[in-house]
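*Asks:*
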Amino acid sequence: DGLGRSRLLGAPRCLRGPDASGQKLLPKSRPCDPPGPPPSAPAPRLAGSNHSGSPKPGTKRLPQALIVGVKKGGTRAVLEFIRVHPDVRALGTEPHFFDRNYGRGLDWYRQKRHSICPRGNSLSKIENKKRRMKSITLSSSFQSRNHI
Ligand SMILES: Nc1ncnc2c1ncn2[C@@H]1O[C@H](COP(=O)(O)OS(=O)(=O)O)[C@@H](OP(=O)(O)O)[C@H]1O
1 DGLGRSRLLG APRCLRGPDA SGQKLLPKSR PCDPPGPPPS APAPRLAGSN
51 HSGSPKPGTK RLPQALIVGV KKGGTRAVLE FIRVHPDVRA LGTEPHFFDR
101 NYGRGLDWYR QKRHSICPRG NSLSKIENKK RRMKSITLSS SFQSRNHI
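Those letters in the sequence shown? Residues 1 to 148, by full-length UniProt numbering.
1) Between the beta-carbon of residue 134 and the beta-carbon of residue 124, is there less than 9 Å?
2) Starting from residue 113, follow the alpha helix (DSSP H) in both directions and report where the run begins and ends.
3) Which residues does DSSP list as the beta-bridge partners of residue 137?
4) Return the bridge partner residues of residue 89 from the DSSP annotation.
5) Please report the straight-line C-alpha distance between residue 115 and residue 63, rounded to a whole angstrom.
6) Report yes if the C-beta of residue 90 is less than 8 Å from at least one heavy atom of ligand 1; otherwise report no.
7) Among 102, 99, 74, 88, which has the Cα closest to the Cα of residue 65?
Laid out in structure tokens, this is it:
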């Protein structure tokens, strides 16, 4: 609200440690993780999925929000605006999940997000260079009555 009070009352807060006081958690100059398994690696399977790769009923967890924009459409600016919220943490750099690290699986991606905010709200910008699209996912403990 206008007084700077969080409307996310009741949601676990992401306490910002000394390493995250408004700074990017991962500097842009940091080299990417070594490449994952070759493209022939099987597609990652969702936790709780059956042998066909389909999630079991009741186990699929989707992001609370997915913001999609074209490349160079200002998606970084949107992410930076959202991360100003005190209850939101964001990966500093794009994890390159789809174009470089897909073979590492969804657990690798989830762990990256979990490492910045284990119980709360995390943002990350992911990319699909082939389609020249960018998206921002917001996974959170927000209740449906909460908005940012
Ligand atoms: N409000 C507003 N108005 C006009 N232009 C803006 C605005 N916000 C971001 N930008 C410009 O958007 C470019 C970055 O977009 P993205 O963050 O989507 O880039 S990327 O696709 O992730 O590389 C980047 O443009 P370039 O500097 O030409 O790369 C930003 O300057």
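Cβ atoms here follow ideal geometry from the backbone N, Cα and C, with glycine treated the same way.
*Replies:* Based on what the coordinates show:
1) Their beta carbons are not under 9 Å apart, which means residue 134 does not touch residue 124 by this criterion.
2) From DSSP, the alpha helix (DSSP H) with residue 113 extends over 106 to 116.
3) DSSP, once it has assigned bridges, lists 66, 124 as partnering residue 137.
4) 122, per the DSSP bridge assignment.
5) So the two alpha carbons sit approximately 17 Å from each other.
6) No, the beta carbon of residue 90 sits no closer than 8 Å to any heavy atom of ligand 1.
7) Checking every option, the nearest Cα to that of residue 65 belongs to 88.
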